[in-house]
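*Asks:* Sharing a structure with you now.
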Amino acid sequence: MLQGHQTWVFQSKPVIIGSAAIGGPFEAQGNLAKDFDMLHGDIWLGQDSYEQAEKKLLEQACETAIKKSGLKKEDIQFFLSGDLINQIIPSSFTARALAVPYLGIYGACSSSMEGLSLASLIIDSGFAQNALVGTSSHNAASEKQYRYPTEYGAQKPPTAQWTVTGAGAAVIARQGEGPRIVASTIGRVIDMGLSDPFNMGAAMAPAAVDTIEAHFRDLNISPLQYDLIATGDLGRVGHPIAGDLLKQHGLDIPVEKLTDCGILMYKENQPVFAGGSGCACAATTTFGHLLNRMRKGELNRILVIATGALLSPMSYQQKETIPCVAHAVSIEM
20 MLQGHQTWVF QSKPVIIGSA AIGGPFEAQG NLAKDFDMLH GDIWLGQDSY EQAEKKLLEQ
80 ACETAIKKSG LKKEDIQFFL SGDLINQIIP SSFTARALAV PYLGIYGACS SSMEGLSLAS
140 LIIDSGFAQN ALVGTSSHNA ASEKQYRYPT EYGAQKPPTA QWTVTGAGAA VIARQGEGPR
200 IVASTIGRVI DMGLSDPFNM GAAMAPAAVD TIEAHFRDLN ISPLQYDLIA TGDLGRVGHP
260 IAGDLLKQHG LDIPVEKLTD CGILMYKENQ PVFAGGSGCA CAATTTFGHL LNRMRKGELN
320 RILVIATGAL LSPMSYQQKE TIPCVAHAVS IEM
């Protein structure tokens, strides 16, 4: 059911019956290491390319989520996934291995919550009983495509962020035990004229704020109804910008309630510049750390706002600015 201008309220409250997070060597040294189902010590994962390594990460996340849900892959009716690599090949090639009806999506780093929103809509409408959502990113693959190959050793500014090497997946069902998806707010594309690909946090912050405002306006609720509100990957630069903008717009969310997946992921002494980013940042933090906290009873209701910068190497070369989007999903126990 549509409520307000851009928020879906799910009457059946689809349930997350299984979720998984897979990470790489840098994530194994981070704050959330214990919340990953599997951690790799080598960014190659025994593959011949970074892109093939990312595909393997996503395959492992999907297989683990399905296993934890108690289902078989034959029970999954739709697979929704997207990533950052050209033509979303890690997602498409994972779908090839799964042999499940597939819907490829692209929302850059907002893909996890975009997929979760669409899967919940499919389940809530009665068009499926079980759906699988996934997304992935790989530090070296993303660097090679969007910026400079790691081997080049290019100097980065403090505003840059570290793409998470990992994958997250979740099985959404009409019935079962687990955290339930209550509502989803679909974001608008916001472009404030920034064009620096090394400052994604500042570029994405206004989109996150726009979606957060729409969520509370459409549902006519207070931020105090959530135990935690987590943006996707604004990092240490974009997160305070978002907080300031929210205050200016009359939404003064308590500091202890407003966090960011890009800040949560890594430790202070890890050389990640302004924090984590990439499709796997919000995905692994949500499908691993945050859902684990909910299952333990530490959190009852959370709002996750995954943010995405919708640029491409070609748009950057053509001197385009960076359009951004954010999608919010409300989850409760």
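So for the sequence shown, my numbering puts the first residue at 20; every next one is plus one.
All C-beta atoms, glycine included, are put in the ideal place defined by N, C-alpha and C.
Tell me, please, whether the stretch 37 to 53 touches the stretch 185 to 202 by the rule of three or more beta-carbon pairs shorter than 8 angstroms.
*Replies:* Inter-segment contact for the stretch 37 to 53 and the stretch 185 to 202 is present: three or more beta-carbon pairs are separated by less than 8 angstroms.
*Asks:* Scan the stretch 264 to 334 and note each continuous alpha helix (DSSP H) run of 4 residues or more that stays entirely inside, going in chain order.
*Replies:* Uninterrupted alpha helix (DSSP H) stretches at least 4 residues long and entirely within the stretch 264 to 334 occur at 280 to 283, 298 to 303 and 310 to 314, given in chain order.
*Asks:* I need the DSSP call for Gln244, collapsed to helix, strand or coil.
*Replies:* helix
*Asks:* How about Gln101 and Thr178: are their beta carbons less than 8 angstroms apart?
*Replies:* The residue asked about is misnamed: residue 101 is Gly in this sequence, not Gln. The answer is no: Cβ separation not under 8 angstroms.
*Asks:* Does the beta-carbon of Glu133 have 16 or more other beta-carbons within 10 angstroms, so that it is buried, or is it exposed?
*Replies:* buried
*Asks:* Exposed or buried, what is Asp54 when buried is set at 16 or more other beta-carbons lying within 10 Å of its beta-carbon?
*Replies:* So Asp54 ends up on the buried side.
*Asks:* May I ask you to report which of helix, strand or coil DSSP gives His24?
*Replies:* Of the three classes helix, strand and coil, the one that applies to His24 here is coil, per DSSP.
*Asks:* Any idea what DSSP makes of Thr178, helix, strand or coil?
*Replies:* coil
*Asks:* For Cys128 versus Gly257, is the C-beta distance shorter than 8 angstroms?
*Replies:* no
*Asks:* CA-CA distance, Asn402 and Gln180?
*Replies:* Nothing about residue 402 can be read from this structure; the chain reaches only from 20 to 352.
*Asks:* Suppose contacts are defined by Cβ-Cβ distances below 8 angstroms. Is Leu322 in contact with His234 by that definition?
*Replies:* yes
*Asks:* Using the DSSP secondary-structure output, state which residues sit across from Asn149 in a beta bridge.
*Replies:* Ala192
*Asks:* Decide if Tyr69 is buried, meaning its Cβ has at least 16 other Cβ atoms within 10 Å, or exposed.
*Replies:* buried
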